[in-house]
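To start, the structure itself, in structure tokens.
Number of protein chains: 2
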Amino acid sequence: MNVVVIGANGQIGKHLVNQLQAHEQHEVTAMVRKEGQKKELEDRGIHAVLADLEGSISDLETVVKGADAVVFTAGSGGHTGPDKTLLIDLDGAVKSIEAAKKANVNRFVMVSAFQAHNRDSWADSPIKPYMVAKHFADDTLMQSGLDYTIVRPGGLQNEPGIGKILAGENLDRGNIPREDVAATIVEVLEAQNTYQKGFDLIAGESTISEAVKKI
Amino acid sequence: MNVVVIGANGQIGKHLVNQLQAHEQHEVTAMVRKEGQKKELEDRGIHAVLADLEGSISDLETVVKGADAVVFTAGSGGHTGPDKTLLIDLDGAVKSIEAAKKANVNRFVMVSAFQAHNRDSWADSPIKPYMVAKHFADDTLMQSGLDYTIVRPGGLQNEPGIGKILAGENLDRGNIPREDVAATIVEVLEAQNTYQKGFDLIAGESTISEAVKKI
């Protein structure tokens, strides 16, 4: 698959780009916002393109055109200013979905947030605006007609991946290394049993391959 | 009609509640957030209920149950903090839509923002996060199955209403007194030709009744 990673300079995005670049069956295009980021990627032999999620849908359409899949992993969690939450986590995501539709790229993997589908779980969350943005971006994807998968990781850690996860529709809260989130996305990409589904994701005891088969 | 006004203490909301209260064919329920606001309305003989758009859908469902129509005119324009933009203008609106659906209240009038449907018109707007929130709330309403009308007023003025408006799908920007926005909402409530439609609204040369008939 030729995979466009939106948010390639993010913490999950960096792992994902490296893993896709190393993967035999995938080609990666890293979408980044700054010239310096693009150059750094190109210096490592990685195909990179410049585009801004605050720009137009047609710019994004140009980026994804010809790809087999889009992964949206932009955004910076619940701790940016809420204006950016609206403009990136919600509007940037929805524009990416629109761009994929227009470019006839049917496969779309969204990196969402733990329990984003379950409004009751974040009624009193300190990052509620962020959860609202992720919730509506996911809702839009679910209604898009695309072959989507929504990955909802728990608390993100920088520890090296352990390659063992637990995935399920509603899990008790837990943590997971970002490297394992990226590896799960890679596993999910061609797993048709994950189409039209979303799942919570934390560290667990199954190999990623086994866990993804059971989704 | 028994009409629930969500955002009854807002600047348009106050006009709307007064006009509905004075109207022969309508009963109004004013939803407000603070006890003092409720008391002030009740002292004027207006039926008021306490509820918070940051609360649960089931609380809102209780408020709208048995009504014939809901008008959403909460929010404070583009100048609140963007966290409130997400929680009120987007999430509060969508929870109100959900509550109306659950309570089988089919008529829903949304007070939106000028050109909210037209992404290109606010690509560089200083209140873009607000426009994004309104855009997605309107989108959700359009997909809700409710008998909706989306009213998108231009620059809001506190001048007394002149009773003359221009309404249309895409207008050049203009201003309009809040009192005339409220009067247009009252006119729209039972106008079935406005169901499943949205329109820009500014001051103009037609009476409100004539203009609404042509929507």
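Protein chains in written order, with my numbering: chain G, 10 to 224; chain C, 10 to 224.
Virtual Cβ for every residue (Gly too), placed ideally from N, Cα, C.
Can you name the residues that DSSP bridges to residue i?
| i | result |
| --- | --- |
| N184(G) | G164(G) |
| V153(C) | Here the sequence assigns Ser to residue 153(C), which means Val is not the residue at that position. S153(C) pairs with nothing; no bridge assigned. |
| T38(G) | V13(G) and H56(G) |
| L29(G) | In the DSSP output, where bridge partners are listed per residue, L29(G) has none listed. |
| G177(C) | D209(C) |
| F81(C) | I15(C) and M119(C) |
If the cut is a Cβ gap below 9 Å, which residues of chain C does residue i touch?
| i | result |
| --- | --- |
| V141(G) | L95, L96, L99, D100 and V103 |
Taking residue i and residue j to be in contact with their CB atoms under 8 Å, please state how far apart those CB atoms are, rounded to whole angstroms.
| i | j | result |
| --- | --- | --- |
| G164(C) | N184(C) | 4 Å |
| E196(G) | I217(G) | 5 Å |
| Q46(G) | M10(G) | At roughly 23 Å, the Cβ-Cβ gap does not stay under 8 Å, so Q46(G) and M10(G) are not in contact. |
| A125(G) | L69(G) | With 8 Å as the limit, A125(G) and L69(G) do not qualify as a contact, their Cβ atoms being about 22 Å apart. |
For residue i, name the three-state secondary structure that DSSP assigns.
| i | result |
| --- | --- |
| M119(G) | strand |
| H126(C) | coil |
| T203(C) | helix |
| S215(C) | strand |
| T158(C) | strand |
| D92(C) | helix |
| A132(G) | coil |
| L99(G) | helix |
| L69(C) | helix |
| P138(C) | helix |
| L225(C) | With chain C covering only 10 through 224, there is no way to say anything about residue 225(C). |
| G22(G) | helix |
| K223(C) | coil |
| G75(G) | coil |
| K47(G) | helix |
| V114(C) | coil |
| I106(G) | helix |
| I194(C) | helix |
Residue i touches chain C at which residues, Cβ-Cβ below 8 Å?
| i | result |
| --- | --- |
| A132(G) | S65 |
| Q124(G) | What Q124(G) touches in chain C: nothing, since even the nearest Cβ is about 16 Å away. |
| Q152(G) | Q152 |
What residues of chain G sit near residue i, judged by a beta carbon separation below 7 Å?
| i | result |
| --- | --- |
| K137(C) | L96 |
| F117(C) | Those do not exist, as F117(C) stays about 18 Å from chain G at its closest Cβ, beyond 7 Å. |
Along chain G, which residues have their Cβ under 8 Å away from the Cβ of residue i?
| i | result |
| --- | --- |
| P91(C) | G90, P91, D92, T94, L95 and P138 |
| F81(C) | Within 8 Å Cβ-Cβ: nothing; F81(C) doesn't reach chain G, min ~16 Å. |
(message) Under 9 Å, CB to CB, which of the residues in the segment 168-202 of chain C have a partner in chain G?
(response) none
(request) Note down, in chain order, all residues in the segment 199-224 of chain G with a beta-carbon under 7 Å from any beta-carbon belonging to chain C. (result) none
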